[in-house]
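Residue numbers (this note's numbering): 422 to 653. For glycine and all other residues, C-beta sits at the position ideal for the given N, C-alpha and C.
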Amino acid sequence: MATNTCNKMLLKNVPYYDRPRERLLREGAVHLSDTELLAILLRTGREQETAHQLAQRLLARFGDLRGLAQASHAELTELKGIGPVKAIELHAAFELGRRLMGVPREYRASIRLPRDVADLMSPELAHLTQEHFVCLFLNTKNHVIGKQTIFVGSLDASIVHPREVFKEAIRRSSASVICLHNHPSGDPTPSREDIAITHTLRDAGELVGISLLDHVIIGEGKYVSLKEQGYL
422 MATNTCNKML LKNVPYYDRP RERLLREGAV HLSDTELLAI LLRTGREQET
472 AHQLAQRLLA RFGDLRGLAQ ASHAELTELK GIGPVKAIEL HAAFELGRRL
522 MGVPREYRAS IRLPRDVADL MSPELAHLTQ EHFVCLFLNT KNHVIGKQTI
572 FVGSLDASIV HPREVFKEAI RRSSASVICL HNHPSGDPTP SREDIAITHT
622 LRDAGELVGI SLLDHVIIGE GKYVSLKEQG YL
């Protein structure tokens with residue numbers, strides 16, 4: 422109760438015109454700073470600290486929004502003013518943002534070049550701290566008709582099994598498949614394991630009549646197409 426009263430008193434010192442919720446309604450979310458948007462999510466601060474000041478402290482602690490989005494639940498709740506509920510709400514907000522960037526476009530995306538794959542999936546994969554092996558399923562016009570995460574963790578040819586990839590492709594009546602995964606190191610240079618997986622999936626695709634069009638590795642601001650590298 423004391424914290425809420427204190428926050429209300431602090432908020433009174435902020436002109437109504439400059440409060441983030443009111444600014445969002447008046448000007449639109451695009452005109453608010455990262456700190457202001459984060460303050461709206463946080464809703465309240467703590468004793469002698471507004472939500473805006475707490476947002477500033479969060480961003481200073483983790484460097485920027487990207488760093489904050491990667492923070493674990495434990496790391497968030499270590500900070501005074503961030504309890505379990507606020508930490509969960511932040512995780513949910515960032516996950517919705519990732520899905521908004523990665524999912525809606527896929528169902529109208531037309532893949533013609535490896536760059537199209539990278540543009541579509543980098544926002545979803547480039548920031549991840551574990552390897553995610555993902556398949557895009559395409560129709561005869563190279564439109565993406567679905568997406569499936571096949572595996573999370575260190576890639577191994579015995580784990581990324583063609584059965585899982587082409588089972589989904591057949592279920593979705595796909596004409597072709599594009600596989601991709603991220604390298605958390607930021608360097609998309611393919612490993613011997615990446616090349617071996619590509620060859621295994623290519624051969625399996627030929628047997629079931631569903632082509633593997635490419636295997637794209639996503640790094641930090643760059644990508645590698647194994648098709649362009651001559652492995653397909």
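Residue i and residue j: beta carbons closer than 7 angstroms?
| i | j | result |
| --- | --- | --- |
| Phe558 | Ile566 | yes |
| Ala472 | Leu463 | yes |
| Leu480 | Gly502 | no |
| Tyr652 | Ile616 | yes |
| Pro505 | Ser646 | no |
| Ala596 | Thr621 | no |
| Lys643 | Pro609 | yes |
Which whole-angstrom value describes the C-beta separation of residue i and residue j, a residue pair presumed to lie in contact below a C-beta threshold of 8 angstroms?
| i | j | result |
| --- | --- | --- |
| His631 | Val581 | First, the amino acid is wrong: residue 631 is Ile here, not His. Not quite, the Cβ-Cβ distance comes to about 16 angstroms (not below 8 angstroms), so this is no contact. |
| Ala508 | His494 | 5 angstroms |
| Ile638 | Ser543 | The pair is not a contact, with the Cβ atoms about 11 angstroms apart (cut-off 8 angstroms). |
| Cys600 | His553 | With a Cβ gap of about 11 angstroms, Cys600 and His553 do not count as contacting. |
Tell me which residue opens and which closes the alpha helix (DSSP H) that residue i is part of.
| i | result |
| --- | --- |
| Ile371 | As displayed, the chain neither begins before 422 nor continues past 653, which places residue 371 out of reach and without an answer. |
| His620 | Arg613 to Val629 |
| Thr465 | Per DSSP, Thr465 belongs to no alpha helix (DSSP H) and is neither H nor E. |
| Leu445 | Pro441 to Glu448 |
| Glu496 | His494 to Thr498 |
Please classify residue i: does DSSP put it in a helix, a strand, or coil?
| i | result |
| --- | --- |
| Met422 | Reliability fails at Met422, whose pLDDT of 46 lies under 50, so the model's placement of it is uncertain and the value that follows must be treated cautiously. Met422: coil per DSSP, three-state reduction. |
| Arg519 | helix |
| Glu585 | helix |
| Glu552 | coil |
| Asp485 | coil |
| Arg526 | Note on Arg526: pLDDT 45, under 50, position unreliable in the model; no value is reported. |
| Asp540 | helix |
| Ile591 | helix |
| Asp455 | helix |
In terms of residues, what are the limits of the beta strand (DSSP E) holding residue i?
| i | result |
| --- | --- |
| His636 | Ser632 to Ile639 |
Let me check one thing: in DSSP terms, what residues is residue i bridge-paired to?
| i | result |
| --- | --- |
| Leu557 | Lys568 and Ile599 |
| Ser531 | His564 |
| Tyr644 | Ile639 |
| Val573 | His553 |
Between residue i and chain E, is there a C-beta pair that is closer than 7 angstroms?
| i | result |
| --- | --- |
| Thr465 | Absent here is chain E; the protein component of the structure consists of one chain. |
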